[in-house]
Amino acid sequence: MTPAPLSTTAQARVDAWTWAVRIFKTRSAAAAACRSGHVRVNGVPVKPAHSLKPGDEIRVRVNGIERIVIVEQLITKRVGAAVAVQCMIDKSPPPPDPQLTALIPRRDRGAGRPTKRERRETDKLLGRDLPRLPGTSAPD
């Protein structure tokens, strides 16, 4: 089943299109992302009511991952995943390797300031621990 394309003069809003091709789970989430500047069309941040045309490049930041898609076909009704793929060309870079992202140290939210010991461990891990000259005190 192919989606019913809009007429040649019809337009689709960027928030409706990104929701219809399943980039966002809800249209209100798509509109909120547009308002906060996470959606760019041809390199320019856009409002939710921006009109799209085939060939536009859309860059969307969803959950910290950037998706880059090219508009192939304009639709405004939400369609199945198999049909949504036909309406866009996905040029997104591959996601980072989970093993690589697991190595990035993260503090639990609300854990407060790192202790001196934790800061030294972090500096050592990141290679920022410098050898000190004898008789000098450590900088704060």
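Heads up: the sequence shown is residues 34 to 173, going by the numbering used here. Glycine residues also receive a C-beta, built at the ideal position from the N, C-alpha and C atoms. A quick note: this is a predicted structure, and the numbers were derived from the prediction, not measured.
Residue i - DSSP class collapsed to helix/strand/coil
| i | result |
| --- | --- |
| S61 | helix |
| D48 | helix |
| P131 | helix |
| D156 | helix |
| R150 | helix |
| V79 | coil |
| V118 | helix |
| S40 | Confidence at S40 is low in this model, with a pLDDT of 45, below 50, so its placement is unreliable and no value can be given for it. |
Identified DSSP bridge partners for residue i
| i | result |
| --- | --- |
| R100 | V93 |
| L107 | Paired residue(s): none; L107 is not in a bridge. |
| S84 | R46 |
| D123 | V102 |
Limits of the unbroken beta strand (DSSP E) element including residue i
| i | result |
| --- | --- |
| R73 | V72 to V74 |
Cut-off 6 Å between Cβ atoms - residues of its own chain near residue i, not counting five sequence neighbours on either side
| i | result |
| --- | --- |
| S40 | Because the pLDDT at S40 is just 45, under 50, the model does not fix this residue reliably, and the point stays unresolved. |
| R100 | V93 and S125 |
| P81 | D48, A64 and C67 |
Spatial neighbours of residue i in its chain, beta-carbon cut-off 7 Å, leaving aside the 5 residues before and after
| i | result |
| --- | --- |
| I122 | V102, I103 and E105 |
| R60 | D48, A49 and W52 |
Looking at C-beta atoms only, is the number of pairs between the segment 88-107 and the segment 71-78 that lie closer than 8 Å three or more?
In short, these stretches touch, since the Cβ pair count reaches three.
Is the segment 47-60 in contact with the segment 107-123, if contact means three or more CB pairs nearer than 8 Å?
Touching, yes.
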